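Enquirer:
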């Protein structure tokens with residue numbers, strides 16, 4: 232299967248390439264020139280289209296026309312932790328408008344599209360959200376991600392969340408936590424997370440492409456809920472990190488997703504957080520060696 236991944240230098244994008252390349256003809260897009268990524272030993276002329284800014288839709292269209300993918304995965308986006316997430320022009324262009332422009336292009340070519348959504352379309356006041364719950368985004372990032380959801384035949388949006396190693400920008404939970412050596416930090420007991428490691432999410436996406444190529448619509452995809460405090464404790468223990476985590480119950484946010492519909496329709500059972508953090512810790516140790 233020919234699979235084109237937008238956002239190949241992102242947290243999920245590069246993991247998708249690692250997961251899909253052995254069994255598929257997978258290529259990614261990169262924002263900068265290929266030599267800028269040489270130190271990672273991951274991208275080359277055979278698996279990457281460099282200098283591809285998703286705001287340059289002529290370039291996007293040219294890449295799609297050249298590669299002629301059967302499926303496109305949009306893992307490109309401005310994440311909540313970056314300052315650009317609060318720039319209306321950038322956020323609307325990348326998170327809200329681009330997925331729909333890409334959907335029009337894919338429909339015209341008979342190409343399937345997988346759009347990575349987020350649990351941030353919900354405020355976190357309630358928790359255990361189903362697809363029938365009304366989204367209640369609270370800031371610009373949340374709203375642009377909601378507006379960027381695609382639906383209809385050939386269009387699949389996966390609302391989820393993720394943690395994992397990153398290449399350049401170190402903005403996510405894991406990279407932040409790894410940088411806290413010798414420090415004392417807060418661990419939020421009332422902040423509930425039901426996402427995945429990027430390794431597991433990449434496997435979920437490959438499973439859908441291989442076994443359910445006609446899947447479409449908006450689905451919640453989640454693991455068993457865990458507090459950010461307990462998640463950090465697991466990572467700390469498995470990596471032997473010298474970080475003191477002080478429990479905090481003042482901050483509350485429960486964006487956990489109910490993925491009963493996804494699990495029933497696609498026969499999916501998520502691994503435990505113990506299993507996922509075992510794999511995460513092993514990959515971090517390998518990268519450091």
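Residue numbers (the numbering used here): 232 to 520.
Beta carbons are placed, not taken as given, at the ideal position from N, Cα and C, and that holds for glycine.
Model, not experiment: these values are computed from the prediction.
Take residue 302 as the anchor and find which of 345, 291, 322 and 488 has the nearest alpha-carbon.
Expert: The residue with the shortest Cα to Cα distance from residue 302 is 345.
Enquirer: DSSP beta-bridge partners for residue 306?
Expert: According to DSSP, residue 306 bridges with nothing at all.
Enquirer: Determine the direct distance from the alpha carbon of residue 485 to that of residue 394, and round the result to whole angstroms.
Expert: C-alpha separation (whole angstroms): 16 angstroms.
Enquirer: Who are the Cβ neighbours of residue 232 in its own chain at under 6 angstroms, not counting the five residues just before and after it?
Expert: So the list reads 255 and 301, once near-sequence residues are dropped.
Enquirer: What residues are listed by DSSP as bridge partners for residue 520?
Expert: Paired residues: none, contrary to the question.
Enquirer: Pick from 443, 246 and 260: whose alpha carbon is nearest that of residue 285?
Expert: The option with the nearest alpha carbon to residue 285 is 260.
Enquirer: Quick one: grab the DSSP three-state call for residue 244.
Expert: The answer is helix: DSSP assigns residue 244 an H, G or I state.
Enquirer: Please give the ranges of any alpha helix (DSSP H) in the region 273 to 342, keeping only runs that are unbroken, at least 4 residues long and fully inside the region.
Expert: Counting only runs of 4 or more, we get 288 to 298, 319 to 322 and 329 to 340.
Enquirer: Looking at the unbroken alpha helix (DSSP H) that takes in residue 462, where does it start and where does it end?
Expert: Unbroken alpha helix (DSSP H) run through residue 462: 459 to 470.
Enquirer: Identify the continuous alpha helix (DSSP H) that holds residue 438 and give its terminal residues.
Expert: Counting along the chain, the alpha helix (DSSP H) containing residue 438 begins and ends at 429 to 442.
Enquirer: When the Cα atoms are used, what is the spatial distance from residue 480 to residue 417?
Expert: When rounded, the distance between both Cα atoms is 10 angstroms.
Enquirer: Considering only the beta carbon of each residue, do residue 391 and residue 452 sit closer than 9 angstroms?
Expert: Going by C-beta atoms, residue 391 is nearer than 9 angstroms to residue 452.
Enquirer: Determine which residues share a DSSP beta bridge with residue 256 and list them.
Expert: Looking at the DSSP assignment, residue 256 forms a beta bridge with 233.
Enquirer: Consult DSSP for residue 422 and reduce its assignment to one of helix, strand or coil.
Expert: Residue 422 falls in the strand class under three-state DSSP.
Enquirer: Quick one: grab the DSSP three-state call for residue 369.
Expert: It is coil, neither helix nor strand.
Enquirer: Between the Cα of residue 372 and the Cα atoms of 331, 333 and 327, which residue gives the shortest distance?
Expert: The option with the nearest alpha carbon to residue 372 is 327.
Enquirer: Where does the unbroken beta strand (DSSP E) through residue 265 begin, and where does it stop?
Expert: Neither: residue 265 is in no beta strand (DSSP E) and is coded neither H nor E.
Enquirer: Kindly list the residues whose CB is nearer than 7 angstroms to the CB of residue 330, restricted to its own chain and excluding five residues on each side of it in sequence; keep chain order.
Expert: Cβ neighbours of residue 330 beyond the five flanking positions: 305, 346, 379 and 381.
Enquirer: May I ask which residues mark the beginning and end of the alpha helix (DSSP H) holding residue 408?
Expert: First-last of the alpha helix (DSSP H) with residue 408: 404 to 409.
Enquirer: With residue 422 and residue 459 assumed to form a contact (beta carbons below 8 angstroms), what rounded beta-carbon distance in angstroms separates them?
Expert: Correct: roughly 4 angstroms between the Cβ atoms.
Enquirer: Thinking C-beta only, is residue 248 closer than 9 angstroms to residue 396?
Expert: No. Outside cutoff.
Enquirer: Any idea what DSSP makes of residue 508, helix, strand or coil?
Expert: Residue 508 falls in the helix class under three-state DSSP.
Enquirer: Quick one, are the C-beta atoms of residue 387 and residue 439 less than 9 angstroms apart?
Expert: Yes.
Enquirer: Once you ignore the five residues that flank residue 209 on each side, which residues in its own chain have a CB closer than 7 angstroms to its CB?
Expert: Absent from the model: residue 209. The displayed extent of the chain is 232 to 520, so no value can be given.
Enquirer: How is the alpha helix (DSSP H) around residue 492 delimited, first residue to last?
Expert: 491 to 497 is the span of the alpha helix (DSSP H), which, as asked, contains residue 492.
Enquirer: Can you round the beta-carbon distance between residue 264 and residue 287 to whole angstroms, since I take them to be within the 8 angstroms contact cut?
Expert: Incorrect: roughly 14 angstroms between the Cβ atoms, too far for contact.
Enquirer: Tell me which residue opens and which closes the beta strand (DSSP E) that residue 450 is part of.
Expert: Taken as a continuous stretch (DSSP letters only), the beta strand (DSSP E) holding residue 450 covers 448 to 451.
Enquirer: Does the Cβ-Cβ distance between residue 505 and residue 425 come in under 9 angstroms?
Expert: Against a cut-off of 9 angstroms, the Cβ pair of residue 425 and residue 505 comes out as no contact.
Enquirer: First and last residue of the beta strand (DSSP E) that includes residue 482?
Expert: First-last of the beta strand (DSSP E) with residue 482: 475 to 485.
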